[in-house]
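Visitor: Residue numbers (full-length UniProt numbering): 1 to 203.
Handing you a structure now.
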Amino acid sequence: MGDAAAAAGRREGRAEKKWQGSVGGVVCAPVGQVWAVVSQSSRLSEWMPMVENCTRLSGEEGVAGYVRLVSGFMFPQEDGDRSWIKERLLLMDPASFSYVYRMEASNVGLDGSVNSLQLIHYGDDSSSSSCSSTLVHWSFEIDAVEGASEETIIDYLAFLYKSCINRIEGAIHKKGNNNNTTTSASEPAPALHSPTNQSLGGW
1 MGDAAAAAGR
11 REGRAEKKWQ
21 GSVGGVVCAP
31 VGQVWAVVSQ
41 SSRLSEWMPM
51 VENCTRLSGE
61 EGVAGYVRLV
71 SGFMFPQEDG
81 DRSWIKERLL
91 LMDPASFSYV
101 YRMEASNVGL
111 DGSVNSLQLI
121 HYGDDSSSSS
131 CSSTLVHWSF
141 EIDAVEGASE
151 ETIIDYLAFL
161 YKSCINRIEG
171 AIHKKGNNNN
181 TTTSASEPAP
191 ALHSPTNQSL
201 GGW
């Protein structure tokens, strides 16, 4: 998965330094149920509470080339305005429960970033009542940001993405989910703060 993600996310003719990070977590649910949540744009706000809207711009969901616009409070802005990110699907493989998105444009300073997510069956937990678990592995790669701390930014993104992974199980078990349209999160986003004095868009 790592090699495929790197190949999919590499832009031709660029040799810029990349910063990389990854985060993971175990969800007490079968891999198929986890995939049903994380692979659908219409369910994004269920496990990403800082996301308010996700709109299809072009292409067919699940097919490479699909483009979506995600907006909300993913990254704090100095003026209090909402963050927005245009993402393009580079790869989706339901057989391996994996996908790769690239951030093509945004107001948060992460243009060109590549996010890869893969689910792995983690077996049954004999210590709990019939809990079939799934390992969620989320890796990301961003262009180096001049004048910024690599460790601070990578740690911040890891915290943000880990908070999303931690909410997947609740999204699976929550009653009355609306899977047809993307709506605002029912709970407030976690209190996240930029790793610098300026917003992420001002790195």
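By construction, the Cβ of each residue, glycine as well, lies at the ideal position given by its N, Cα and C atoms.
Only a predicted model underlies this, so the values are computations on that prediction, with no experimental measurement involved.
Would you say Tyr-101 and Arg-82 are within 8 Å of each other, going by their C-beta atoms?
Guide: no
Visitor: Specify the secondary structure class of Tyr-101 as computed by DSSP and reduced to three states.
Guide: strand
Visitor: Which one of Ser-45, Trp-138, Asp-93 and Arg-56 has the shortest CA to CA distance from Ser-72?
Guide: Reading off the sequence, residue 72 comes out as Gly, not Ser. Gly-72 has its Cα closest to that of Ser-45, out of Ser-45, Trp-138, Asp-93 and Arg-56.
Visitor: Do you know offhand how far Ile-85's Cα is from Ala-64's?
Guide: 17 Å
Visitor: Look at the alpha carbon of Ser-114 and the alpha carbon of Cys-131, and state the distance between them as a whole number of angstroms.
Guide: Checking the sequence, you will find Val at residue 114 rather than Ser. Val-114 and Cys-131 have their C-alpha atoms roughly 32 Å apart.
Visitor: So who's on the other strand from Glu-173, going by DSSP bridges?
Guide: First, the amino acid is wrong: residue 173 is His here, not Glu. None, per the DSSP bridge assignment.
Visitor: Going by the CB atoms, is the gap between Leu-135 and Trp-35 shorter than 8 Å?
Guide: Taking the C-beta atoms as reference points, Leu-135 is found no nearer than 8 Å to Trp-35.
Visitor: Using the rule of at least 16 other Cβ atoms within 10 Å of the residue's Cβ for burial, across every protein chain shown, is Glu-141 buried or exposed?
Guide: buried
Visitor: Near Tyr-122, which residues of its chain fall below 7 Å by C-beta distance, leaving aside the five closest residues on each side in sequence?
Guide: Val-26, Ser-133, Thr-134 and Leu-135
Visitor: Measuring straight from C-alpha to C-alpha, what distance separates Cys-54 and Cys-164?
Guide: 16 Å
Visitor: Quick check: what's the CA-CA separation for Lys-174 versus Ala-95?
Guide: 26 Å
Visitor: Pick helix, strand or coil for Gly-112, following the three-state DSSP scheme.
Guide: coil
Visitor: Among Ile-168, Glu-169 and Thr-152, which one has its Cα closest to the Cα of Gly-21?
Guide: Thr-152
Visitor: List the endpoints of the continuous beta strand (DSSP E) containing Gln-20.
Guide: 18-27
Visitor: Taking the continuous alpha helix (DSSP H) assigned at Phe-73, which residues delimit it?
Guide: Counting along the chain, Phe-73 falls outside any alpha helix (DSSP H), and DSSP gives it neither H nor E.
Visitor: Would Val-31 pass as a contact of Tyr-161 if the rule is Cβ separation under 8 Å?
Guide: Judged by their CB atoms, Val-31 and Tyr-161 are not nearer to each other than the 8 Å cut-off.
Visitor: Is Lys-18 closer than 8 Å to residue 208 when the C-beta atoms are compared?
Guide: With the chain running from 1 to 203 in the structure shown, residue 208 is simply not present.
Visitor: Using the three-state DSSP reduction, which class does Asp-81 fall into: helix, strand or coil?
Guide: coil
Visitor: Measure the C-alpha to C-alpha separation of Phe-75 and Val-108 and round it to an integer number of angstroms.
Guide: 7 Å
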